[in-house]
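I have placed the structure first, in the form of structure tokens, so that the comments after it can refer back to it.
Numbering (the UniProt record's numbering), first residue to last: 1 to 749.
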């Protein structure tokens with residue numbers, strides 16, 4: 001494989017910042033001047049200003065900024081700041097001063113570690129022209145130091161006076177940033193690192209279009225064109241295959257270059273110092289320096305409100321079905337651990353080997369993952385981290401539009417209004433006191449065997465599985481166990497319940513204190529939901545139903561259920577596997593988010609107060625200028641403002657709103673006793689034309705508006721009338737009227 005002459009693309013890299021450090025007098029400033037001017041300075045200042053090498057100085061066409069530093073104690077703060085802002089460190093010593101070489105391992109390299117400067121280091125021996133010929137070679141001197149300090153990328157000697165290897169110093173420094181060795185190659189074992197192997201394996205599979213396990217001549221040529229913009233000649237292809245076959249016979253077969261041979265080639269490039277070849281390949285396929293997909297390849301398609309979630313779309317599910325069948329090597333309907341490792345062998349790491357996905361889905365006795373368990377794992381990862389889910393889909397071969405792989409659900413507050421949830425993945429928060437049976441409940445969801453041994457849960461746990469409802473409908477239930485000690489931290493976030501579709505509260509039915517603690521948790525969650533606006537359906541689960549209930553258990557549970565307005569507790573025995581359809585009942589309750597929502601006493605009083613306010617006779621102020629503008633348009637002159645009277649409220653008629661435009665307006669206020677008046681159904685609306693009253697707006701446009709309103713069952717009509725008329729004709733109690741410029745000269749009884 002040849003390297004293209006066109007410059008590679010370094011995504012997000014607009015320049016390389018090189019900081020030169022070392023003992024005083026080791027040649028730092030002279031080195032910088034020599035590379036910038038190609039001459040040796042007769043005198044140099046203590047510290048040079050920043051020096052910039054243009055983009056065309058080196059083949060990679062990335063500009064360099066070189067920072068000179070001083071090792072004096074007075075400049076320590078500046079030195080530290082520059083090192084922490086560096087992309088690469090050039091660490092100098094003087095070839096004619098062995099003490100400066102010793103200072104590398106005794107001071108400079110440990111100091112860089114102490115400062116947590118995690119960038120490549122290039123060790124440079126300056127003043128090569130003054131080096132004693134009897135001194136040990138560079139390899140002998142630096143080999144033990146490089147073994148101890150793995151951050152050293154390379155070592156080189158140079159002479160600013162003689163212009164020996166001066167450009168090479170900064171070329172290696174730039175190369176250490178643009179084409180670093182450490183992510184790709186293990187110097188100690190002289191082999192490719194595992195993450196590099198995974199990335200190259202994915203690239204090989206993507207280029208193996210016919211899926212025969214080898215890159216044919218045509219596929220190898222397509223790969224070369226894609227990465228280097230230059231085709232391979234037939235003789236070059238034969239040469240590549242010959243080199244591989246001589247060193248590694250299994251690297252080539254009758255179909256072409258195998259994965260083993262593909263990996264061998266890249267190891268060979270790196271050993272020969274051609275890291276840019278492998279990095280060009282990796283970057284063409286979207287990898288960053290950590291050998292993960294770049295952020296720009298993961299589009300931000302997951303912008304959503306706190307009470308929205310992300311689910312796999314049908315296209316992604318169909319893709320996963322094919323992947324499952326492809327990796328089910330023994331066709332037993334389950335992926336064994338080795339199959340899953342093979343599946344994710346093209347990802348940087350296996351995502352399901354660590355928390356929170358490890359042991360979160362149902363497996364058979366051999367550790368195999370059924371198709372439903374497989375989809376449950378993906379549903380869990382998509383729910384918790386959709387970006388990681390998308391990245392792993394791409395790692396295992398998904399090439400379609402990422403936006404088609406996922407679906408953002410409707411907001412839960414809209415689900416409540418519709419009285420139905422459309423979600424296929426429902427998240428259940430599991431609360432309860434210690435030793436109540438929370439972990440056993442999660443274990444039952446994923447088919448775990450009940451254990452008599454109690455192990456306290458110290459951190460959150462997840463379990464996910466498919467639950468089948470009556471009628472064959474299937475939903476994925478994700479249960480999230482919240483330890484009792486973590487509830488306070490959870491509720492410190494106002495939006496903590498936004499992601500929760502339903503909450504369950506588990507208690508030990510044989511322990512009164514367990515029930516009391518579960519009730520306290522229920523009240524806390526209900527209060528938080530009422531205060532934050534993210535109210536959730538709640539259920540109580542009485543576990544350990546195989547034990548005798550404590551006295552007054554029935555009375556307590558009935559009282560709490562009635563007081564909070566939720567269902568009575570669901571009795572289960574996890575030990576006896578008597579689950580009482582608990583999971584389908586949880587899913588059913590979550591699908592109806594307007595039901596089973598607990599009410600605290602404070603919340604109930606708040607709602608009653610709101611109803612009272614809404615039903616009471618009140619005047620709501622708004623914007624006056626709208627009324628004035630409309631009255632002026634119609635040429636109306638009123639002794640009082642016009643009012644709309646309906647639903648027991650006084651509304652402004654001019655702006656067709658439930659607010660009146662009286663802000664900043666002086667007005668008189670009176671309470672007028674009204675006579676009895678029987679309002680008709682369906683709403684208490686004052687029918688003004690019944691009394692022979694005229695509408696204030698009698699123009700043609702206004703007449704059409706009123707005719708349209710008369711057709712609705714709650715039509716209201718507008719009239720210009722004084723408060724005296726209101727007192728004379730209408731009534732039921734006391735009506736609070738606020739009238740602008742009103743004439744109250746008529747005496748009231």
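For each residue, glycine too, the CB sits at the ideal point set by N, CA and C.
DSSP-derived helix/strand/coil call for residue i
i, result
"residue 702", "Summary for residue 702: the model assigns pLDDT 42, below 50, so the residue's position carries little reliability; its value from the coordinates is reported in the next sentence. Helix."
"residue 19", "strand"
"residue 314", "helix"
"residue 6", "Only weak support exists for where residue 6 lies, its pLDDT of 41 falling under 50; the coordinates are left without a value."
"residue 93", "strand"
"residue 727", "Because residue 727 carries a pLDDT of 36, less than 50, the predicted location of this residue cannot be relied on, and no value is offered for it."
"residue 516", "helix"
"residue 576", "coil"
"residue 334", "strand"
"residue 99", "helix"
"residue 523", "helix"
"residue 73", "helix"
"residue 396", "coil"
"residue 323", "helix"
"residue 14", "coil"
"residue 571", "strand"
"residue 33", "helix"
"residue 788", "The question about residue 788 has no answer here: the residues shown for the chain are numbered 1 through 749."
Continuous beta strand (DSSP E) stretch holding residue i: start and end
i, result
"residue 753", "A query on residue 753 cannot be resolved here, the shown segment of the chain reaching from 1 to 749 and no further."
"residue 508", "502 to 508"
Any chain D beta carbon closer than 8 Å to residue i
i, result
"residue 442", "This model lacks chain D altogether; it includes just one protein chain."
Delimiting residues of the alpha helix (DSSP H) encompassing residue i
i, result
"residue 260", "259 to 271"
"residue 172", "166 to 178"
"residue 222", "217 to 228"
"residue 407", "Premise fails: residue 407 lies in the beta strand (DSSP E), 406 to 408, not in any alpha helix (DSSP H)."
"residue 444", "438 to 445"
"residue 540", "It is not in any alpha helix (DSSP H) - residue 540 instead sits in the beta strand (DSSP E) that spans 538 to 543."
"residue 239", "234 to 247"
"residue 141", "138 to 148"
"residue 535", "Premise fails: residue 535 is in no alpha helix (DSSP H) and is neither H nor E."
"residue 753", "Any property of residue 753 remains undetermined from this structure, which presents the chain solely from 1 to 749."
"residue 589", "582 to 591"
Inter-residue CB distance, residue i and residue j (contact presumed, cutoff 8 Å)
i, j, result
"residue 543", "residue 441", "7 Å"
"residue 193", "residue 345", "With 8 Å as the limit, residue 193 and residue 345 do not qualify as a contact, their Cβ atoms being about 14 Å apart."
"residue 382", "residue 389", "4 Å"
"residue 397", "residue 205", "7 Å"
"residue 407", "residue 498", "18 Å between Cβ atoms; not a contact."
"residue 426", "residue 525", "The pair is not a contact, with the Cβ atoms about 17 Å apart (cut-off 8 Å)."
"residue 20", "residue 68", "6 Å"
"residue 364", "residue 338", "Not quite, the Cβ-Cβ distance comes to about 14 Å (not below 8 Å), so this is no contact."
"residue 782", "residue 336", "Outside the shown range of the chain, which is 1 to 749, sits residue 782, and nothing can be said about it."
"residue 117", "residue 84", "6 Å"
Beta-carbon proximity list for residue i, same chain, < 7 Å, skipping 5 on both sides
i, result
"residue 594", "416, 419"
"residue 586", "428, 477, 502, 504, 539"
"residue 341", "350"
"residue 82", "19, 67, 69"
"residue 220", "232, 237, 256, 257"
Close-in-space but distant-in-sequence residues of the same chain around residue i (CB under 8 Å, 5 per side omitted)
i, result
"residue 315", "400, 404, 405"
"residue 165", "128, 156, 157, 158, 159"
"residue 93", "22, 23, 26, 100, 101, 103, 104, 123, 124, 125, 126"
"residue 87", "16, 17, 18, 119, 177"
DSSP beta-bridge partners of residue i
i, result
"residue 159", "164"
"residue 465", "477"
"residue 185", "192"
"residue 52", "65"
"residue 287", "293"
"residue 253", "256"
"residue 123", "91, 155"
"residue 369", "335, 363"
"residue 214", "258"
Beta-carbon proximity list for residue i, same chain, < 6 Å, skipping 5 on both sides
i, result
"residue 217", "237"
"residue 123", "91, 152, 155"
"residue 561", "568"
"residue 269", "277, 278"
"residue 573", "545, 546"
"residue 494", "532"
The ligand SAM heavy atom lying under 7 Å from the CB of residue i
i, result
"residue 225", "With respect to the ligand SAM, the structure shown offers nothing to examine, as it has no ligands at all."
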